[in-house]
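Visitor: Have a look at this one before I ask anything.
Residue numbers (UniProt numbering): 1 to 197.
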């Protein structure tokens with residue numbers, strides 16, 4: 001997670017494009033907060049293409065059928081059930097019923113986050129809530145994208161956003177950008193990338 005976030009947060013230039021990243025100095029003050037920032041950033045970076053799939057049709061030769069969960073989904077199942085029930089989103093409610101919380105949702109619950117990371121999570125949750133009312137329409141508009149999955153990932157949320165823009169997405173994009181800039185500075189502090197050669 002830290003390595004992905006570090007590589008994605010640092011803008012490549014002709015000077016650093018081929019540099020090798022080092023293992024972070026985990027003994028430096030504040031490392032756990034940096035790691036937590038990286039976790040949140042990893043969920044919402046543009047290259048973060050996690051998704052959940054339903055009715056999977058044996059992709060090539062993998063013998064994976066049926067349900068492919070998204071362990072990167074950040075919201076708790078009970079939260080999803082409550083919101084789906086409140087606006088009569090039966091498809092999402094039925095998919096979540098009887099399921100379990102995802103790995104990242106459990107990690108987020110037990111960790112403390114910086115104000116920047118917390119802001120990203122809060123705004124992403126707002127986007128998710130705003131998109132929920134359009135989920136039935138999006139399922140019909142984009143068949144085969146498994147938008148009926150309660151744990152639909154960031155990749156799928158971006159697909160919904162194209163057809164059904166939300167008020168909070170611009171604020172979320174700005175918050176992600178701010179978190180990215182913070183992480184880029186911390187990459188140097190935690191000695192993952194040298195300033196000079």
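Beta carbons are placed, not taken as given, at the ideal position from N, Cα and C, and that holds for glycine.
Return helix, strand or coil for residue 154, following the three-state DSSP convention.
Guide: helix
Visitor: My output table needs one value for residue 67: the three-state DSSP class, helix, strand or coil.
Guide: strand
Visitor: My output table needs one value for residue 93: the three-state DSSP class, helix, strand or coil.
Guide: helix
Visitor: May I ask which residues mark the beginning and end of the alpha helix (DSSP H) holding residue 128?
Guide: Counting along the chain, residue 128 sits inside the alpha helix (DSSP H) bounded by residues 115-132.
Visitor: For the candidate residues 148, 22, 119, 113, whose alpha-carbon lies nearest to that of residue 52?
Guide: 148
Visitor: Just checking my contact of residue 81 with residue 96 at CB under 8 Å: how many whole Å lie between their CB atoms?
Guide: 5 Å
Visitor: Among 165, 193, 155, which one has its Cα closest to the Cα of residue 42?
Guide: Among 165, 193, 155, the Cα nearest to that of residue 42 is on 155.
Visitor: Could you tell me the distance, in whole angstroms, from the CA atom of residue 162 to the CA atom of residue 27?
Guide: 43 Å
Visitor: Helix, strand or coil for residue 55, going by three-state DSSP, please let me know.
Guide: strand
Visitor: Kindly indicate the opening and closing residues of the alpha helix (DSSP H) around residue 102.
Guide: Note, residue 102: premise wrong, no alpha helix (DSSP H); not H, not E.
Visitor: Taking the alpha-carbon of residue 191 as reference, which of 4, 5, 23 has the nearest alpha-carbon?
Guide: 23
Visitor: Taking the beta carbon of residue 37 as the centre, do at least 16 other beta carbons fall within 10 Å, making it buried, or is it exposed?
Guide: buried
Visitor: In the DSSP assignment, find the alpha helix (DSSP H) that holds residue 21 and state where it starts and stops.
Guide: First-last for residue 21: undefined, no H or E at that position.
Visitor: Can you tell which of 84, 94, 88, 45 has its C-alpha closest to the C-alpha of residue 72?
Guide: With respect to the C-alpha of residue 72, the residue from 84, 94, 88, 45 having the closest C-alpha is 45.
Visitor: Apart from the five residues on each side of it in sequence, which residues of its chain come closer than 7 Å, Cβ to Cβ, to residue 125?
Guide: 75
Visitor: Tell me which residues share the same chain as residue 197 and place their Cβ nearer than 6 Å to its Cβ, disregarding the 5 neighbours each side in the sequence.
Guide: With a pLDDT of 48 at residue 197, under the threshold of 50, the predicted position of this residue should be treated as unreliable, and no value is reported.
Visitor: DSSP three-state call for residue 183: helix, strand or coil?
Guide: helix
Visitor: Excluding the 5 residues preceding and the 5 following residue 132 in the sequence, name in chain order all residues of the same chain whose CB lies nearer than 8 Å to its CB.
Guide: 83, 84, 87, 89, 92
Visitor: To which residues of the same chain is residue 2 closer than 7 Å at the C-beta, ignoring the five residues directly before and after it?
Guide: Cβ within range, chain order: 24, 35, 38.
Visitor: Can you give me the Cβ contacts of residue 150 inside the same chain, cut-off strictly under 6 Å, excluding the 5 residues immediately before and after it?
Guide: 80, 92, 95, 96
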